[in-house]
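The structure appears below as structure tokens.
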Amino acid sequence: MNKSVGFVEHLRQILTSWGLYDENSISPFAVWKFLDALDNKDAFINGFIYTLEVSILALLIATIFGTIGGVMATSRFKIIRAYTRIYVELFQNVPLVIQIFFLFYALPVLGIRLDIFTIGVLGVGAYHGAYVSEVVRSGILAVPRGQFEASASQGFTYIQQMRYIIVPQTIRIILPPMTNQMVNLIKNTSVLLIVGGAELMHSADSYAADYGNYAPAYIFAAVLYFIICYPLAYFAKAYENKLKKAHLTR
Numbered sequence: 023m024n025k026s027v028g029f030v031e032h033l034r035q036i037l038t039s040w041g042l043y044d045e046n047s048i049s050p051f052a053v054w055k056f057l058d059a060l061d062n063k064d065a066f067i068n069g070f071i072y073t074l075e076v077s078i079l080a081l082l083i084a085t086i087f088g089t090i091g092g093v094m095a096t097s098r099f100k101i102i103r104a105y106t107r108i109y110v111e112l113f114q115n116v117p118l119v120i121q122i123f124f125l126f127y128a129l130p131v132l133g134i135r136l137d138i139f140t141i142g143v144l145g146v147g148a149y150h151g152a153y154v155s156e157v158v159r160s161g162i163l164a165v166p167r168g169q170f171e172a173s174a175s176q177g178f179t180y181i182q183q184m185r186y187i188i189v190p191q192t193i194r195i196i197l198p199p200m201t202n203q204m205v206n207l208i209k210n211t212s213v214l215l216i217v218g219g220a221e222l223m224h225s226a227d228s229y230a231a232d233y234g235n236y237a238p239a240y241i242f243a244a245v246l247y248f249i250i251c252y253p254l255a256y257f258a259k260a261y262e263n264k265l266k267k268a269h270l271t272r
């Protein structure tokens with residue numbers, strides 16, 4: 023902490039000597055406001071860590087729900103496909119903010135009380151699970167039909183076909199859209215702001231309200247979101263291009 027303050031103070035002295043630091047400036051982008059935000063970086067770091075924790079666990083939930091839903095959506099049994107369709111349509115067509123409100127306000131009426139962290143993990147996870155389900159379903163349908171027929175001729179059951187033959191091939195196909203879903207999931211954790219979640223957006227909002235430095239607060243939050251999301255988006259694009267090149271060289 024002292025090292026951080028020392029760095030900020032040293033930076034303040036340098037900017038002052040260059041004539042770039044003016045504590046009397048009322049501009050929302052005044053340099054002193056950004057340095058003040060750096061002095062209070064712990065609030066942003068705590069929100070950053072909280073966002074990562076929620077995102078990782080929500081992604082786990084989304085992957086489990088989505089994989090099960092995607093496999094069920096390709097079942098030969100109509101009733102199983104119908105159950106999956108209900109889940110997908112319900113969660114995709116109801117805004118995430120309403121789903122979070124339901125978990126936060128409606129469940130206590132039913133005698134079920136969850137902390138905000140758990141609400142975030144379950145709410146964001148179940149919401150994106152519906153999208154992951156569609157990604158997995160599309161990936162399974164993209165596997166050549168001959169793979170199903172060949173595995174069936176070898177005596178594999180449907181579950182064995184999925185486990186040993188189809189799903190491993192599907193993973194390669196769905197990796198780029200799955201990565202894009204990860205990016206969207208991380209950004210959507212910001213909805214926890216409305217129920218007091220301690221994620222990154224809430225940290226920025228609280229700092230802005232306490233100190234009145236709105237521009238630095240939201241710019242810092244944007245930078246931290248970018249640090250998380252850009253590498254994932256870049257990887258997805260690069261991997262997608264690699265698959266296209268491999269397909270063209272066949």
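Each residue of the sequence shown is one higher than the last, beginning at 23 in this note's numbering.
Cβ atoms here follow ideal geometry from the backbone N, Cα and C, with glycine treated the same way.
Remember, predicted model here, so these are calculated numbers, not experimental data.
- In summary, I67 is exposed, with fewer than 16 beta-carbon neighbours lying within 10 Å of its beta-carbon over all protein chains present.
- Beyond the five residues adjoining it in sequence on each side, V119 comes within less than 8 Å, by CB distance, of V213, I216 in the same chain, given in chain order.
- A220 carries a coil assignment under DSSP once its states are collapsed to helix, strand and coil.
- In the displayed model, V158 falls within a helix according to three-state DSSP.
- In the same chain as V76, and ignoring 5 residues on each side of it, the C-beta atoms closer than 8 Å to its own belong to F139, G142, V143, V146, T211, L214, G219, E221, in chain order.
- A84 and V154 have their C-alpha atoms spaced approximately 7 Å apart.
- DSSP, reduced to helix, strand and coil, places S173 within a helical segment of the structure shown.
- By alpha-carbon distance to R167, the top candidate from L136, I188, A244 is I188.
- Taking a 10 Å sphere around the C-beta of V116, we find fewer than 16 other C-beta atoms and assign the residue as exposed.
- The beta carbon of G88 lies closer than 6 Å to those of G151, V154, S155, V158 in the same chain, with the five residues before and after it left out.
- Note on A80: 16 or more other CB atoms within 10 angstroms of its CB, so buried under the neighbour-count rule.
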